[in-house]
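Peer 1: This is the structure I have questions about; it appears just below.
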Amino acid sequence: MSKLSLNIPHAQTQEEALNRIKQLLSRLQEEQKGAVTNVQEIWDGPNGSFSFSAKGFNIAGTIQVRENEVQLDSDLPFAVSFFKGQIASMITQRANDLLA
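Residue numbers (UniProt numbering): 1 to 100.
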């Protein structure tokens with residue numbers, strides 16, 4: 001496993017950022033039908049845990065939506081860790097667009 005840890009700043013209220021982040025996984029599942037499956041989310045206030053399967057790999061992690069940043073932590077399967085930089089870049093870009 002390879003640790004992925006991202007800290008993404010935002011200018012939204014915490015509540016608005018939380019609402020937008022919550023919509024992201026369901027939207028991802030719709031956009032990537034067949035490639036992303038078994039999406040699970042559990043939220044306790046601004047703290048969430050998630051899991052899903054992507055192209056046969058199980059991904060899980062946590063999200064903390066704070067006042068001015070979103071913290072995402074995940075353990076990537078070894079085979080996926082080779083693409084860690086690309087994954088981090090894609091998530092950061094998508095989150096920045098979402099939270100703009």
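For every residue, glycine included, the Cβ atom is placed at its ideal position computed from N, Cα and C.
Since this is a predicted model, take the numbers as computed values, not measurements.
(1) Can you tell which of Thr92, Gln32 and Leu72 has the C-alpha that lies nearest to the C-alpha of Phe50?
(2) Is it buried or exposed, Phe52, if we count other Cβ atoms within 10 angstroms and call 16 or more buried?
(3) Which runs of the beta strand (DSSP E) at least 3 residues long sit entirely within the segment 38-96? Give them in chain order.
(4) For Ala95 and Glu31, what's the separation of their Cα atoms in angstroms?
(5) State the DSSP-derived secondary structure class of Lys33, mapped to helix, strand or coil.
Peer 2: According to the structure data:
(1) For the purposes of this step, residue 50 is identified with residue 50 of the sequence shown, where counting begins at 1. Selection Thr92, Gln32 and Leu72 evaluated against Phe50 yields Leu72 as nearest (Cα-Cα).
(2) Locating residue 52 in the sequence shown gives position 52, counting from the first residue. Buried: at least 16 other Cβ atoms inside 10 Å.
(3) Segments of the beta strand (DSSP E) lying fully in the segment 38-96: 47-54, 57-65 and 69-76.
(4) The residue you call residue 95 lines up with position 95 of the sequence shown. The residue you call residue 31 lines up with position 31 of the sequence shown. Ala95 and Glu31 have their C-alpha atoms spaced approximately 16 Å apart.
(5) One-based indexing of the sequence shown puts residue 33 at position 33. In the structure shown, Lys33 sits in coil (DSSP, three-state: anything other than H, G, I, E or B).
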